[in-house]
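Engineer: Once you've had a glance at the structure underneath, I'll fire off some questions.
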Amino acid sequence: SNQKLETASTTGDKIDISPEYKDFLPSIALTYFLTENINLRAAFSKTLARPEFRELAPFSYYDFISNESVQGNPDLKRTLIQNYDLRFEVFPAGNELIAVSAFYKIFENPIEQVLIAASQFNPVRSFANADKAHNYGIELEVRQNLSRISNYLDNFSVVGNLSLINSKIEIDNKGNEGFQESSRPMQGQADFIMNAGLYYENLDYGFSSSVVYNKVGEKIAKAGFAGLGDVIEKPRDQIDLSVTQKIIDKFSIKFTAKDVLSQDHVFIQRTPSGDKIFNKDFKTNSYSISLSYQF
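See the structure below:
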């Protein structure tokens with residue numbers, strides 16, 4: 295692979311960034327059928343993540359949404375990832391599923407969003423490679439029809455998954471001893487992810503509806519650097535509603551309500567004197583009605 299960025303600075307200096315890599319990316323997946331309804335899966339793969347061009351470009355621009363300057367890093371390297379997965383799954387009936395998975399990932403040169411100090415110590419968002427990172431966890435997934443509880447619940451089903459994740463990245467904290475730790479979770483990686491949904495479908499009346507809940511655990515939005523503390527995104531609860539009714543022939547009308555709770559996105563920054571509010575995004579819920587035709 296080759297990425298090429300060629301331009302000139304305001305001073306007329308030519309900037310030519312052209313990283314080239316020759317990567318071997320193997321993958322293998324095995325499935326062992328314990329019974330007709332029970333599988334055991336194992337997989338290994340090697341993947342990569344390339345930096346975006348704006349992450350490579352050594353220029354600054356202002357992000358009016360986050361109210362901060364953003365600067366690229368021409369020294370960024372692509373990330374190599376080793377993925378190990380093990381999954382045990384049971385299919386009780388129809389499209390029902392109960393599965394437990396375990397995963398382990400090794401990152402080489404992971405790319406993170408970091409804060410760097412600029413003039414007058416104003417923070418600037420940039421990007422940097424760490425040396426190594428490890429990520430492991432388990433996931434539980436369930437897809438179940440509620441008719442097992444009662445025949446009156448035959449049209450109801452539940453879908454849910456829960457991931458518990460532990461990540462660790464090693465950083466160089468020379469000059470920042472006592473303020474920034476030598477290891478921490480990966481930037482952007484939450485410690486848990488939870489989704490749950492209740493679904494109702496009646497084909498005879500052409501009616502369906504759903505209530506979906508989502509929550510993501512605490513995660514580092516921007517990693518601290520050069521004496522600046524990590525910026526942490528706090529968890530928030532999100533609920534979405536959807537109702538669809540088939541009307542004349544192939545026409546359907548759909549009502550959706552997104553982010554009903556409309557909890558704010560809150561970001562805090564870790565400092566030697568304690569946590570402080572770094573930013574708060576005020577959220578509002580949204581409603582929509584749509585009409586569709588199925589050919």
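Just so you know, we're using our numbering here: the sequence shown kicks off at 295 and counts up by one.
For glycine and all other residues, C-beta sits at the position ideal for the given N, C-alpha and C.
Keep in mind the model is a prediction, meaning the values are calculated, not measured.
1. So, for I322: in the same chain, excluding its five sequence neighbours on each side, which residues have a beta-carbon less than 8 Å away from its beta-carbon?
2. Check whether the Cβ atoms of Q376 and I400 sit closer than 7 Å, and answer yes or no.
3. Examine the ligand SAM and report whether any of its heavy atoms sits within less than 6 Å of the Cβ of S502.
4. From K426, L447, K371, pick the residue whose C-alpha is nearest to that of E349; which is it?
5. Enumerate, from N- to C-terminal direction, the unbroken beta strand (DSSP E) stretches of 3 or more residues contained entirely within the segment 487 to 538.
6. Which value, in whole angstroms, describes the spacing of the CA atoms of P352 and I571?
7. Mind checking F421: buried by the 16 CB within 10 Å criterion, or exposed?
8. How about R437 and V453: do their beta carbons lie closer than 7 Å?
9. DSSP three-state label for S441, please.
10. Let me know the secondary structure DSSP gives Y446 once reduced to three states.
11. Buried or exposed, going by whether 16 or more other CB atoms sit within 10 Å of the CB of V525?
12. Excluding the 5 residues flanking Q588 on each side, which residues of the same chain have their C-beta closer than 6 Å to its C-beta?
13. Shortest alpha-carbon distance to P313 belongs to which of A343, D369, F327?
14. Which residue or residues does DSSP assign as beta-bridge partners of G454?
15. Just confirm the distance between the C-beta atoms of N460 and Y430, as a whole number of angstroms; I'd bet it's less than 8 Å.
16. Under a Cβ-count criterion, where at least 16 other Cβ atoms within 10 Å of its own Cβ denotes burial, should G523 be classed as buried or exposed?
17. Could you give the first and the last residue of the continuous beta strand (DSSP E) run that contains F545?
18. Does DSSP put L319 in a helix, in a strand, or in coil?
Structural biologist: According to the data block:
1. Here the question's residue 322 lines up with position 28 in the sequence shown. Excluding positions up to five away in sequence, the list reads A337, F338, S339.
2. As a position in the sequence shown, residue 376 is number 82, starting the count at 1. As a position in the sequence shown, residue 400 is number 106, starting the count at 1. Yes; because the gap between Cβ atoms is below 7 Å, this pair is in contact.
3. No copy of the ligand SAM occurs in the structure displayed, which carries no ligand at all.
4. Taking the first residue of the sequence shown as position 1, residue 349 is located at position 55. Of K426, L447, K371, the residue nearest in Cα terms is K371.
5. 501 to 510, 513 to 516, 525 to 527
6. As a working mapping, residue 352 is identified with position 58 in the sequence shown. As a working mapping, residue 571 is identified with position 277 in the sequence shown. Cα to Cα, P352 sits roughly 29 Å from I571.
7. Here residue 421 corresponds to residue number 127 of the sequence shown, with the count starting at 1. Counting Cβ neighbours within 10 Å, F421 comes out buried, since at least 16 surround it.
8. Here residue 437 refers to the residue found at position 143 when the sequence shown is read from its first residue. Here residue 453 refers to the residue found at position 159 when the sequence shown is read from its first residue. Cβ distance < 7 Å, so R437 and V453 count as in contact.
9. Within the sequence shown, the letter at position 147 stands for residue 441. Three-state result, S441: helix.
10. Position 152 of the sequence shown holds residue 446. Y446 falls in the helix class under three-state DSSP.
11. Locating residue 525 in the sequence shown gives position 231, counting from the first residue. Buried is the call here.
12. The count along the sequence shown starts at 1 and reaches residue 588 at position 294. The residues are K544.
13. Looking up residue 313 in the sequence shown gives position 19. When each option's Cα is compared against that of P313, the closest is D369.
14. Counted from its first residue, the sequence shown places residue 454 at position 160. G454 pairs with V436, A490.
15. As a working note, residue 460 is residue 166 in the sequence shown. As a working note, residue 430 is residue 136 in the sequence shown. With a Cβ gap of about 6 Å, N460 and Y430 count as contacting.
16. As a position in the sequence shown, residue 523 is number 229, starting the count at 1. With 16 or more other Cβ atoms within 10 Å, it is buried.
17. Within the sequence shown, numbered from 1, the residue matching residue 545 stands at position 251. First-last of the beta strand (DSSP E) with F545: 545 to 552.
18. Position 25 of the sequence shown holds residue 319. Residue state, collapsed to three classes: coil.
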